[in-house]
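Below is one structure, written out as structure tokens; the observations come after it.
Numbering (this note's numbering), first residue to last: 87 to 270.
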């Protein structure tokens, strides 16, 4: 059963690590029916890492993720509100911009920063991480749990911190009600 189209606002961590493993094409295929956004704050974070990780340049050239500016008075107010909520440190500005854009768009924020996700949830924002996206793809028959697990292992090998390994992915997701496992 295909999920209805959603609006996703992607944080740097998801885009960064899919770019590092050269699989932004897979992420695009998983989200093809959805409207995908990021912010210029996130794109600048990614741009800052291109010198160290040249594959990140591909994340700056995506035509399927629409960058969002936060420059009107109401957008800047929303951004400032989220900066205050998640903490004013420079490293939290990406998450704050994603949360502001998600709120303004009525969308779902995608970040793998657990502390930032807790703050967003506390304030009623729809927020999930990469594991949730992969589980969603399994439920929509776009990926098998084994294929999703392979992506988890690749993402972790690139330095991404995720709550389970690829081998653990099916059971971890099943235990949390993210996927249904077929009986063997």
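Glycine is no exception: its CB is placed at the ideal position from the N, C-alpha and C atoms. As the structure is a prediction and not an experimental result, all values here were calculated from the model.
Asked: Touching by the beta-carbon criterion (3+ pairs, under 8 angstroms), the region 150-166 and the region 117-124; Found: yes
Asked: Inter-stretch contact at 8 angstroms, needing at least 3 Cβ pairs: the region 223-232 / the region 199-209; Found: no
Asked: Nearest to residue 260 (by Cα), restricted to the options 247, 242 and 224; Found: 224
Asked: Sufficient close CB pairs (3 or more, under 8 angstroms) joining the region 166-173 to the region 137-150; Found: no
Asked: Euclidean distance between Cα positions of residue 240 and residue 159; Found: 41 angstroms
Asked: Continuous beta strand (DSSP E) stretch holding residue 95: start and end; Found: 93-96
Asked: Three-state class that DSSP yields for residue 214 in the structure shown; Found: strand
Asked: Within 8 angstroms, strictly: CB atoms of residue 190 and residue 161; Found: yes
Asked: Residue 183 versus residue 112: straight-line alpha-carbon distance, rounded; Found: 25 angstroms
Asked: Simplified DSSP state of residue 152, which is helix, strand or coil; Found: strand
Asked: Chain-order list of residues whose beta-carbon lies under 8 angstroms from that of residue 87 (same chain, five-residue window excluded); Found: For residue 87, the predicted structure reports a pLDDT of 46, less than 50, and the residue's modelled location is therefore unreliable. The matter cannot be settled from this model.
Asked: Residues that DSSP places opposite residue 121 in a beta bridge; Found: 93
Asked: Residue burial classification, residue 262 (beta-carbon count within 10 angstroms, cutoff 16); Found: exposed
Asked: Limits of the alpha helix (DSSP H) - the one that residue 195 falls within; Found: Element bounds for residue 195: not the alpha helix (DSSP H) but the beta strand (DSSP E), 194-196.
Asked: Pairwise C-alpha distance: residue 147 and residue 221; Found: 26 angstroms
Asked: Residue 177 burial status per 10 Å Cβ neighbour count (16 or more: buried); Found: exposed
Asked: Cα-Cα separation, residue 268 to residue 165; Found: 43 angstroms
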